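> The working numbering puts the first residue of the sequence shown at 79, with every later residue one more than the last.
Yeah, the Cβ is synthetic: ideal placement off N, Cα and C, and Gly gets one too.
The model shown is predicted, which means the values in this text are computed figures rather than measured ones.
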Amino acid sequence: SMTISGLGRVPLGTKDNYEFTIEASQPLFTGGALYNSYRINKNNYYVADLYRQKAIRELKQQVIEAYYGVIEARQVDEVAKSGISSIKAHLDVANAFFNQGMIPKNDLLETQVRYAQSEQNLIIADNAIKIAESSLNLLLGRSLAEPVAIDTEIPMSELVDALDESTKTALQMRQEIKTIMLQLDNAGKAIKISRAGYLPSVAATYTYERTGEDPDVEDDSWSIGVGMSWNIFQGGSNYYDVSRAKTVSNKIGYLLKSLQDQISLEVKTAYLSAQEAGARTTVAEKAIDQAKENLRIQKDRYNLQVATTTNVLDAQALLDQAMKNYITARADYAKAIASLHSAMGTL
């Protein structure tokens with residue numbers, strides 16, 4: 079209260095006033111902006127999951143290729159061991175012939191040099207196994223030195239679908255295609271959201287209020303209403319928003335076409351690589367039989383002293399290379415099949 083001359087003390091109000099208010103608003107019409115924003119957020123959730131699926135697919139391909147890499151390294155190591163055994167046997171024969179004066183010393187030296195080279199090849203092959211096993215363990219999240227127990231043979235599954243069918247599957251199944259399709263859908267919805275700026279927005283409001291002089295207020299009131307807002311003039315901002323959204327949509331459309339071409343090329347490359355490796359496997363398998371027969375003949379001729387050490391050692395080298403070619407071709411085929419399934423999005 080306060081004192082006014084001629085009036086005395088005039089009360090101005092109580093010491094405390096309390097007010098409790100609740101307001102709620104529910105959009106009734108937003109020109110589709112609210113719904114399309116919801117759909118964009120939902121698409122973004124799917125996009126995030128597609129990125130996860132893509133990462134899993136790529137990891138699976140890496141693991142499969144590393145797995146076959148271990149088998150390949152071990153089989154090449156066996157070839158190196160077999161080569162050493164064969165050359166050692168020939169070295170024993172050459173030593174006997176030299177001691178009997180049947181061959182010159184340079185023939186013996188040539189065999190000894192080839193034997194040393196074969197030992198180096200085995201060292202390299204042994205090291206390749208360790209690297210291949212460590213690479214696989216790394217991908218599996220295990221200790222690099224952990225022993226690897228896997229199959230000893232590389233499977234040779236057949237190409238089932240034709241190239242056109244494989245490409246068609248890829249364009250339907252690849253996570254990248256699904257992702258960009260969702261992004262294209264988002265771009266279309268962004269255009270609709272921008273166009274909603276031309277339209278009014280309508281919302282229902284509810285207000286509840288309680289007031290009084292103490293915390294336990296009793297006087298209350300409430301109201302319900304419907305309001306509309308419409309930004310008639312925004313300096314052309316709506317027009318430019320729509321224009322930008324259309325530009326983004328067009329760019330994504332171009333990216334989709336480019337991505338489809340890229341995926342088609344990936345499928346074709348993997349498919350042709352599998353065909354090539356399969357053909358190489360067939361040729362290499364025949365070459366092994368021929369190389370074995372050639373080595374047998376050269377050893378017989380050497381024992382009869384109608385062939386030189388060089389003939390025998392070259393024949394052994396041809397056999398070793400034929401076997402390595404066969405192993406590599408099988409591994410390349412299996413890896414190409416895995417790459418094809420990855421390119422198709424079916425791995």
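Would you list the one or two residues that DSSP bridges to P105?
Taking the sequence shown and counting its residues from 1, one reaches residue 105 at position 27. Per DSSP, A281.
> Between the segment 210–222 and the segment 169–184, can you find at least three pairs of beta-carbon atoms closer than 8 Å?
no
> So, under 8 Å CB-CB, L391 and N372 are touching, yes? Tell me the CB distance rounded to an integer number of Å.
Locating residue 391 in the sequence shown gives position 313, where the first residue counts as 1. Locating residue 372 in the sequence shown gives position 294, where the first residue counts as 1. Going by Cβ atoms, the distance from L391 to N372 rounds to 12 Å, so no, they are not a contact pair.
> I need the straight-line Cα distance from T257 to I207, nearest angstrom please.
By 1-based counting over the sequence shown, the position of residue 257 is 179. By 1-based counting over the sequence shown, the position of residue 207 is 129. Rounded to the nearest angstrom, the two C-alpha atoms are 39 Å apart.
> Quick one: Cα of K328 to Cα of Y404, how far?
Taking the sequence shown and counting its residues from 1, one reaches residue 328 at position 250. Taking the sequence shown and counting its residues from 1, one reaches residue 404 at position 326. Strictly speaking, residue 328 in this sequence is Asn, with Lys absent from that position. Rounded to the nearest whole angstrom, the C-alpha separation of N328 and Y404 is 50 Å.
> What is the DSSP secondary structure of G219, reduced to helix, strand or coil?
Residue numbering aside, residue 219 sits at position 141 when the sequence shown is read from its first letter. Looking at G219 - three-state DSSP - the assignment turns out to be coil, as it is neither helix nor strand.
> Can you grab the Cα-Cα spacing for the pair N205 / V148, in whole Å?
Here residue 205 is taken as the residue at index 127 of the sequence shown, counted from 1. Here residue 148 is taken as the residue at index 70 of the sequence shown, counted from 1. Near 11 Å, if we compare the C-alpha coordinates of V148 and N205.
> Count the C-beta pairs between the segment 347–358 and the segment 380–391 that are closer than 8 Å, then say yes if the count reaches three, no if not.
Not touching, per the Cβ criterion.
> Is A248 near G423, with beta carbons less than 8 Å apart?
For the purposes of this step, residue 248 is taken as residue 170 along the sequence shown, with counting starting at 1. For the purposes of this step, residue 423 is taken as residue 345 along the sequence shown, with counting starting at 1. Closer than 8 Å, so yes.
> From Y129 to A362, what distance separates their C-alpha atoms?
What you label residue 129 is simply residue 51 of the sequence shown in a count that begins at 1. What you label residue 362 is simply residue 284 of the sequence shown in a count that begins at 1. If you take the alpha carbons of Y129 and A362, they lie about 40 Å apart.
> DSSP has E287 in a bridge; who is on the other side?
Here the question's residue 287 lines up with position 209 in the sequence shown. Paired residues: T99, S299.
> Where DSSP assigns a beta bridge to V304, which residues make up the other side?
Counted from its first residue, the sequence shown places residue 304 at position 226. V304 is bridged to A282.
> So, for N114: in the same chain, excluding its five sequence neighbours on each side, which residues have a beta-carbon less than 7 Å away from its beta-carbon?
Working through the sequence shown from its first residue, we reach residue 114 at position 36. Only K267, K270, I271 meet the Cβ criterion.
> Given this structure, state the Cα-to-Cα distance separating M401 from A194, to the nearest angstrom.
Working through the sequence shown from its first residue, we reach residue 401 at position 323. Working through the sequence shown from its first residue, we reach residue 194 at position 116. Answer to the nearest angstrom: the Cα atoms are 20 Å apart.
> Specify the secondary structure class of T424 as computed by DSSP and reduced to three states.
Translated into the one-based positions of the sequence shown, residue 424 becomes position 346. Coil, per DSSP.
> Could you tell me which of P233, S342, Y286 sits nearest to E254, measuring between CA atoms?
By one-based count along the sequence shown, residue 254 stands at place 176. Here the closest residue by C-alpha is S342.
> Please classify N264: does DSSP put it in a helix, a strand, or coil?
Numbered from 1 along the sequence shown, position 186 holds the residue referred to as residue 264. Residue state, collapsed to three classes: helix.
> Cα separation between I366 and R379?
For the purposes of this step, residue 366 is taken as residue 288 along the sequence shown, with counting starting at 1. For the purposes of this step, residue 379 is taken as residue 301 along the sequence shown, with counting starting at 1. Using only the alpha carbons, I get a separation of about 20 Å.
> What span of residues does the alpha helix (DSSP H) with V141 cover, start to end?
Locating residue 141 in the sequence shown gives position 63, where the first residue counts as 1. Per DSSP, V141 belongs to the alpha helix (DSSP H) from 111–177.
> My guess is that A352 and L237 are in contact by the Cβ rule of under 8 Å, so how many angstroms apart are they, rounded?
Sequence index remark: in the sequence shown, residue 352 carries index 274 (1-based). Sequence index remark: in the sequence shown, residue 237 carries index 159 (1-based). About 6 Å separates the two Cβ atoms, so the contact holds.
> Indicate the three-state DSSP secondary structure (helix, strand or coil) for V384 in the structure shown.
Stepping through the sequence shown from its first residue, residue 384 is reached at position 306. In this structure, V384 counts as coil in the three-state DSSP scheme.
> Kindly indicate which three-state DSSP category A357 falls into: helix, strand or coil?
For this step, residue 357 is matched to residue 279 along the sequence shown. A357 falls in the helix class under three-state DSSP.
> Just the C-alpha distance for D155 and R374, rounded to the nearest angstrom, thanks.
For the purposes of this step, residue 155 is taken as the residue at position 77 of the sequence shown. For the purposes of this step, residue 374 is taken as the residue at position 296 of the sequence shown. Their backbone Cα atoms lie some 22 Å apart in a straight line.
> Does the Cβ-Cβ distance between N264 and I118 come in under 8 Å?
The count along the sequence shown starts at 1 and reaches residue 264 at position 186. The count along the sequence shown starts at 1 and reaches residue 118 at position 40. Yes.
> Going by DSSP in three states, I202 sits in which element: helix, strand or coil?
Residue 202 sits at position 124 when you count from the first residue of the sequence shown. Helix at I202.
> Cutting at 6 Å between CB atoms, please list the residues of its own chain near S417, excluding the five before and the five after it.
To locate residue 417, count along the sequence shown from 1; it is residue 339. Excluding positions up to five away in sequence, the list reads A348.
> Starting from T245, trace the alpha helix (DSSP H) in both directions and tell me its first and last residue.
Counted from its first residue, the sequence shown places residue 245 at position 167. Run containing T245: 241–251, per the alpha helix (DSSP H) assignment.
> Just to confirm my understanding: we take A369, look at its own chain, exclude 5 residues before and 5 after, and list those with CB closer than 6 Å. What are they?
Here residue 369 refers to the residue found at position 291 of the sequence shown. These residues qualify, in order along the chain: L396, L397, A400.
> Do you know how far the Cα of V320 is from the Cα of A151?
Taking the sequence shown and counting its residues from 1, the one referred to as residue 151 is at position 73. Taking the sequence shown and counting its residues from 1, the one referred to as residue 320 is at position 242. In a straight line, the C-alpha of A151 is about 59 Å away from that of V320.
> Are the beta-carbon atoms belonging to I162 and E188 less than 8 Å from one another?
As a first step, residue 162 must be located in the sequence shown, where it is residue number 84. As a first step, residue 188 must be located in the sequence shown, where it is residue number 110. Taking 8 Å as the Cβ cut-off, I162 and E188 do not qualify as a contacting pair.
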